[in-house]
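Taking it in order: structure first as structure tokens, then the write-up.
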Amino acid sequence: MSAQTLDPDTLENPSAAAPPNRGRDRGPRRPHWATGLMIAGVLATIAVFLIPLYWLFSSAMKPHQDIYTWPLQWIPRELTLGNFVEAWGSAPFDRFFLNSIITTGVGTVLEISLAILCAYAFVFVDFPFKKAVFVLIVGSLMLPGHVTLIVNYITVANLGWLNSYQGIILPGIASAFAMFLLFQSMRTIDKDILQAAEIDGAGHLRRMLTIVVPLSSPMILTATLIVMVGKWNEYVWPLIVTSTADMRTLPIGLLFLRSQEGYSNWGVIMAGAVFVSLPMLILFFLAQKRIIGGLAAGAMK
Amino acid sequence: MSITVRSPRTEPAVPSGPVPPEEPVGPSGGDAPMRQGRSERRRRSPQRRRRARRDALLFGALIAPNLIAIIVFSYYPALYNIGLSFFDWDFVAPSPEWVGLANYTDLFTDAGFGQVIVNTLIFTGVSVVGSLVLGLLLGSLLATKVPLTGFAQTMAFAPHMLPGAAVGILWLFMFDPNYGLSRWVFSLFGAASPAWTTTSDWSLWAITIAYTWQRLGFVTVICYTAILDLPKDLYEAAALDGAHGWKLFRHLTLPLLSPITFFLSITGIISAAQAFDIISIMTSGGPGVSSSTLSWMVYEEAFQKFDIGTASAAATVLLVVLLIITYVQVRYGDKKVNYDS
């Protein structure tokens, strides 16, 4: 693969043994051809990820007949929004959008609220069995979703929540990952500030809302974004818990669009895939540092 | 029994007169040196105890919503699922029928289930190892000072943001033997594209490639971020000692990254074993069971065939396998992972 270019060039190259230059670059200076190879590697990396995405968007904008041609049309001769119009008309995408926004929005607010309360308690309130409770909560990350699927379906059915917003939202609000992120971030808050506030007579609720939440707002925002992406992309739970078109979320709507159009109308199906993907892609391009930073923080503890 | 338990609690509440000091009250009637400490403690303890009780109550109140949600929607269903695996049920019948281990013996004597297990192992193994190896290489490439790395990093992460349903749709189209990119790639070698998603020889590889593609970007970006976070002085010292290139990567970067690779492999296994949306969109586990994994099978048995017993048994197998893998990795990985930096 492309990155192998890293290895042999600097190793076998005599100038690599030269003492490191005093500039910003660490390590020995690379010869030009090695830099060229590495740029080629980076370009290959971009191609691996960009070409499928390009194919998604360009196919969605090609007229019907231009999709079914050989040789492939890398650059569309003509761009059209017809597929989007047709996709929007062939399935109630406005309703899917609304459902996705409601379930994602409400679910995210609930999950982040639970995570804030929980993380605050772990960092700032004393309790004898704290560690055990912490393990219990974080340990739930080890339980695969497919193990809880059937019984959660039964629970929601017994509550009469099938095909309802609360049925889609509530089983997903428990928070272990976001709680963990916020816990890590709140731990770094200087406890003296809180003690000063306590002496001034501020109760826990006041301290949480006026000191802890503002101080950890960067991580709260990051956790919110990550949780939001997860809920927007959620697939299997909304699939089994909804039964009518007016309750479907976007990813499920996409499945039904596919089974409706079969393999015969790729442009329309790709347009549907763009509807589903675009909000998250826009969110990502606006906030990529936060999202990546939060996931990396979760990985590195 | 009940009296001795109650007596120390009611004792302080009774505003009794002088208590004879010889009479031991409650279980904690200590000796002389203890008594002095006790009398001192007695002055502070009600306050402290009240505070501790208040904190415990507050802690409970703050934790409760999350803990209840986790118990009701994670732990309870996981345990109940194990129970259901000993019954036959179709969601509709008024009461499930006890069948003991029959669901498990049926599973393990069914050739199809063997295929599902092998598929799950291939799908998980290839996607985890493949994305980890490639991700480490791409991540270290993107951590060098070469133009366009910032753009490459953004592009790499984008697939992780896409819904699996959209990724599945996209790859389904790319694997189309007549009009997909697959035909173009194979035509470069003068070959015809296989019908990836509709033939049993290729369907498993189609979903594995699509899933690995989505995962690879995430792994690459996490590795890239981690490498940039590594202590630079170690690299300067190693460079002074004449280490560079592959040696540097092998003896410095890889060991320093071990906590990250450890984390990525565990989370990779857990999420690959649960991969569902890509499979559902691209192949629905077919043709036959050629691309069926445990997670697809759980869904299919429960919500398409309404065979709850078999589905629960398959889910329990999934749970047990994942718990064993996690346990072994934590147990064995802890010794190998380098946590100090």
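Protein chains in written order, with the numbering used here: chain A, 3 to 303; chain B, 73 to 413. Idealized CB from N, CA, C, for every residue including glycine.
- Comparing alpha carbon positions, the residue from Ser363(B), His232(B), Gly186(B) and Leu312(B) closest to Thr270(B) is Ser363(B).
- Across the segment 224-246 of chain B, CB contacts with chain A closer than 7 angstroms involve Ala224, Thr226, Met227, Ala228, Phe229, Ala230, Pro231, Met233, Leu234, Pro235, Gly236, Ala237, Ala238, Ile241, Leu242, Phe245 and Met246, in sequence order along the chain.
- Asp178(B) sits in a helix when the DSSP states are folded into three classes.
- Contact annotation: Leu366(B) and Ala383(B) have beta-carbon atoms that are not nearer than 8 angstroms.
- If you ignore the 5 residues before and after Leu156(B), its C-beta comes within less than 8 angstroms of the C-beta of Pro168, Ile380, Gly381 and Ser384, all in its own chain and listed in chain order.
- The beta carbon of Thr226(A) sits no closer than 8 angstroms to any beta carbon of chain B.
- The segment 190-209 of chain B makes contact with the segment 342-361 of chain B, as at least three CB pairs between them are under 8 angstroms.
- Contact fails between the segment 34-52 of chain A and the segment 256-271 of chain A, because fewer than three Cβ pairs, one in each stretch, are under 8 angstroms apart.
- Taking Tyr148(B) as reference, the option from Ile284(A), Lys233(A), Phe129(A) and Ile152(A) with the minimal CA-CA separation is Ile152(A).
- Taking 8 angstroms as the cut-off, the Cβ atoms of Ser218(A) and Ser187(A) count as close.
- With a threshold of 8 angstroms between beta carbons, Ala123(A) makes contact with chain B.
- Taking 9 angstroms as the upper bound on Cβ-Cβ separation, chain A lies near residues Ala374, Phe375, Ile380, Ala383, Ser384, Ala386, Ala387, Thr388, Leu390, Leu391, Leu394, Leu395 and Thr398 of the segment 374-403 of chain B.
- No Cβ of chain A is located within less than 8 angstroms of the beta carbon of Ser265(B).
- By the Cβ-count criterion, Lys377(B) is exposed, with fewer than 16 other Cβ atoms from all chains shown falling within 10 Å of its own Cβ.
- In chain order, Leu130 make up the part of chain B whose C-beta sits under 7 angstroms from the C-beta of His206(A).
- Pairing Gly360(B) with Pro266(B), the inter-Cα distance amounts to about 17 angstroms.
- The criterion of a C-beta distance shorter than 8 angstroms is satisfied by Phe229(B) and Val293(B).
- Proximity to His66(A) across Glu88(A), Ile53(A) and Val214(A) peaks at Glu88(A), based on C-alpha coordinates.
- Judged by DSSP in its simplified three-state form, Asp160(B) adopts strand.
- Between the C-alpha atoms of Cys120(A) and Ala310(B) there is a straight-line separation of about 44 angstroms.
- The residue among Gly232(A), Leu241(A) and Met272(A) with its C-alpha nearest the C-alpha of Leu285(A) is Gly232(A).
- Annotation: Cβ neighbours of Asp128(A) in chain B (cutoff 8 angstroms, chain order): Ala124, Asp127, Ala128 and Phe131.
- With the rule of 3 Cβ pairs closer than 8 angstroms, the segment 104-118 of chain A counts as touching the segment 225-239 of chain A.
- With fewer than three CB-CB distances shorter than 8 angstroms, the segment 62-78 of chain A does not count as touching the segment 241-251 of chain A.
- Spatial neighbours of Leu256(A) in its own chain (CB-CB distance under 7 angstroms, excluding positions within 5 residues in sequence) are listed in chain order as Gly274, Ala275 and Val278.
- If you look at Glu88(A), you'll find it in the alpha helix (DSSP H) that goes Gly84 to Ser92.
- At a cut-off of 8 angstroms between C-beta atoms, Leu134(B) counts as an interface residue with respect to chain A.
- In terms of CA proximity to Asp349(B), Leu241(A) leads the group Gly264(A), Pro173(A), Met282(A) and Leu241(A).
- Secondary structure at Trp256(B): helix, using DSSP grouped into helix, strand and coil.
- Think of a sphere of 9 angstroms around the beta carbon of Ile299(B): no beta carbon from chain A falls inside it, the nearest being about 11 angstroms out.
- Within chain B, the residues placing a beta-carbon under 8 angstroms from that of Gln290(A) are Thr226 and Phe229, ordered along the chain.
- By the C-beta density criterion, Phe158(B) is buried, having at least 16 other C-beta atoms within 10 angstroms.
- Residue environment for Gly207(B): buried (at least 16 other C-beta atoms within 10 angstroms of its C-beta).
- In this structure the segment 180-194 of chain A touches the segment 123-142 of chain A; the number of beta carbon pairs closer than 8 angstroms is three or more.
- In the DSSP assignment, His66(A) falls within the alpha helix (DSSP H) that extends over His66 to Ile69.
- At the C-beta level, Gly174(A) and Gly107(A) stay beyond 8 angstroms of one another.
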